[in-house]
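For the sequence shown, counting from 1, position 101 maps to 101 in this note's numbering; every step adds exactly one. See below for the structure under consideration.
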Amino acid sequence: MLADWMTAAGFGALKPAISALLLPPVPFLLLAFAGAALARRRPRASRWLVVAGIAGAWLGCCSGAARWVEERWLDEPSPLNAAERATLKARAAAGQTLAIVVLGGGLDARASEYPAADLRNASLKRLRYGLWLGRETGIPVAASGGRGWATSDVAVPAEATRMAEVARGEFGLPLRWVEAASRDTHENATGTLALLQPAGVREVLLVTHGSHMPRALREFRAAAAAQSASSPIAITPAPMGQAWPADSIVTRWTPSGAGLERMQLAMHEVLGRMIDRR
């Protein structure tokens, strides 16, 4: 796969730059600029390109469009319901060894209001849900995430390390395991399962955004099979962040920072699925 080849060839550090160029609104802005450049030579084509670019940039920043992409292009599993959570709680109480694994979603390295890097919104939401699920079911929680490919500053803490600090200091719930060396979803899977296997964990409840879940699930199940083909650790999805925006239909289809963030996350997974098919 292209993503694996880039990593093996030492080009993993280019992933963030390539993603930035391919994710909204950049491609649409480039389309509009190209149209403007053709205004004198090809006026009709120029108008169409400019309109298409502006429309694409607009929709690329709308939470309604982002949710549409998630529903149409990504095979998101359903979130755990009350009955499933009750079953998990009973299994944990009966002594079955399960673990909740929360995947990091990024750090704000220069959050000067804190003494250390702060968790990005995606990381904090995943962590909060994972801790809530752990409290509901009695299942211990792990965090997975190191320094991503875009992070070159060794002084920046690993995502999972910061997640553990927030879990303990702000939620009062210490994590059982911390995998702090991974740089992407593939390494999340291999590193975390290597940490959990010696503890006798037989099933993982995987927590990440619904849009990220199909790819994360594929990576974790592949890593589990590679670890033990005869008796792999079971991977159960516990997605979050899938609800339609609660605002009005007007604001849903009006550009916003939250809409852009959600669209970028969704399109990142669409591109990853196209490039890294298995």
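All residues carry an ideal CB built from backbone N, CA and C; glycine is no exception.
Alpha-carbon to alpha-carbon, residue j and residue i
i, j, result
"Ser144", "Val156", "16 Å"
"Leu29", "Ile54", "7 Å"
"Ala94", "Leu131", "20 Å"
"Arg273", "Ala57", "22 Å"
"Glu269", "Gly60", "15 Å"
"Arg85", "Thr137", "6 Å"
"Gly259", "Ser230", "44 Å"
"Ile18", "Pro140", "36 Å"
"Arg202", "Ala99", "8 Å"
"Ser256", "Met263", "10 Å"
"Ala45", "Arg128", "49 Å"
"Ala8", "Pro232", "Model confidence at Ala8 stands at a pLDDT of 45, short of 50, so the residue's coordinates are unreliable; what they give is reported in the following sentence. Each residue's alpha carbon lies about 25 Å from the other."
"Ala113", "Trp48", "In the sequence as presented, Ala is not what sits at residue 113; that position holds Glu. So the two alpha carbons sit approximately 46 Å from each other."
"Asp280", "Leu133", "As shown, the chain starts at 1 and ends at 278. That puts residue 280 outside it, with no answer to give."
"Trp5", "Gln197", "Here the model assigns Trp5 a pLDDT of 41, short of 50, so the residue's position is not dependable and the matter cannot be decided."
"Ala222", "Leu38", "48 Å"
"Gln242", "Pro115", "32 Å"
"Ala92", "Trp177", "17 Å"
"Ala36", "Ala66", "27 Å"
"Ala167", "Ala32", "44 Å"
Anticipated Cβ contact below 8 Å, residue i with residue j, distance rounded
i, j, result
"Arg135", "Leu173", "7 Å"
"Leu206", "Thr254", "Wrong, their Cβ atoms sit about 33 Å apart, outside the cutoff."
"Thr192", "Val101", "6 Å"
Beta-ladder partner(s) of residue i, from DSSP
i, result
"His209", "Met240"
"Leu14", "Paired residue(s): none; Leu14 is not in a bridge."
"Leu103", "Ser144"
"Trp177", "Ala142"
"Asp118", "Asp108"
"Ile249", "DSSP output for Ile249 lists no bridge partner at all."
Examine the Cβ distances between the stretch 174 to 194 and the stretch 211 to 220 and report whether three or more of them are shorter than 8 Å.
yes
Ignoring anything shorter than 4 residues, give me the alpha helix (DSSP H) runs that lie fully in the stretch 17 to 100, in order along the chain.
26 to 37, 43 to 59, 63 to 73 and 82 to 93
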